[in-house]
Amino acid sequence: MSRAVNRADVDEVHAEFYAAFEAGDFDRMSAVWADGPYASGVSCVHPGWTMLRGREEVLRSWALIMANTTYIQFVLTDVETDVYGDHAVVTCKENVLTADEDTEAGFLAGGSIVATNVFVRTDGEWRLLLHHGSPVLNVVDAEEE
Numbered sequence: 001m002s003r004a005v006n007r008a009d010v011d012e013v014h015a016e017f018y019a020a021f022e023a024g025d026f027d028r029m030s031a032v033w034a035d036g037p038y039a040s041g042v043s044c045v046h047p048g049w050t051m052l053r054g055r056e057e058v059l060r061s062w063a064l065i066m067a068n069t070t071y072i073q074f075v076l077t078d079v080e081t082d083v084y085g086d087h088a089v090v091t092c093k094e095n096v097l098t099a100d101e102d103t104e105a106g107f108l109a110g111g112s113i114v115a116t117n118v119f120v121r122t123d124g125e126w127r128l129l130l131h132h133g134s135p136v137l138n139v140v141d142a143e144e145e
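Position one of the sequence shown corresponds to residue 1 (UniProt numbering), numbered consecutively onward.
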């Protein structure tokens, strides 16, 4: 299998992770994450949270987040995919828009998160093993001071 095919397969699962979150679809989100012998090694760090470990704990966090998210949209930039045999690392910047039906303006927040997503190929399928998101703080350029 060529390196380009591996990268395209990883990119497809990476895109599905964000699509499942945007759709608030827990079944789709569950299908993206590694299972079986990798279940105990599944890890996630949501921005501002402590490390979550184990498939059950990670999926519980996604269920909670999706149940409390009215609307979320991601525009991914600076996406880089590297494949190392049966492991792959995707780094990106998540440009996030969220909204709440209960506010007059509708939009609550927009922000940026840098993310690292590590995938493992198991039984010929790529699955997410680790997601780590860190907020990007607004930093004023030295020239603007």
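In this text, a Cβ means the ideal position worked out from N, Cα and C, and glycines have one as well.
Simplified DSSP assignment, three categories, for residue i
{"i": "P135", "result": "strand"}
{"i": "A34", "result": "coil"}
{"i": "N6", "result": "helix"}
{"i": "D82", "result": "strand"}
{"i": "W126", "result": "strand"}
{"i": "D25", "result": "coil"}
{"i": "H46", "result": "coil"}
{"i": "G110", "result": "strand"}
{"i": "H14", "result": "helix"}
{"i": "A20", "result": "helix"}
Closest by C-alpha distance to residue i, when choosing among the options
{"i": "G54", "options": "T77, W33, T70, V5", "result": "W33"}
{"i": "R121", "options": "V114, G85, K93, I113", "result": "G85"}
{"i": "F26", "options": "A67, H132, V42, V114", "result": "A67"}
{"i": "S30", "options": "S40, T50, G41, A63", "result": "A63"}
{"i": "F119", "options": "I72, Y38, T70, A19", "result": "Y38"}
{"i": "S43", "options": "A23, Y71, D123, T116", "result": "T116"}
Cβ pair residue i, residue j closer than 8 Å
{"i": "N138", "j": "V83", "result": "no"}
{"i": "T81", "j": "V10", "result": "yes"}
{"i": "I72", "j": "E22", "result": "yes"}
Buried or exposed (CB count within 10 angstroms, at least 16 for buried), residue i
{"i": "V90", "result": "buried"}
{"i": "E56", "result": "exposed"}
{"i": "L130", "result": "buried"}
{"i": "E94", "result": "buried"}
Neighbourhood of residue i by C-beta distance below 8 Å, restricted to the same chain and skipping five residues each side
{"i": "F17", "result": "M29, V32, N117, L128, H131"}
Close-in-space but distant-in-sequence residues of the same chain around residue i (CB under 7 Å, 5 per side omitted)
{"i": "S61", "result": "C44, H46, L52"}
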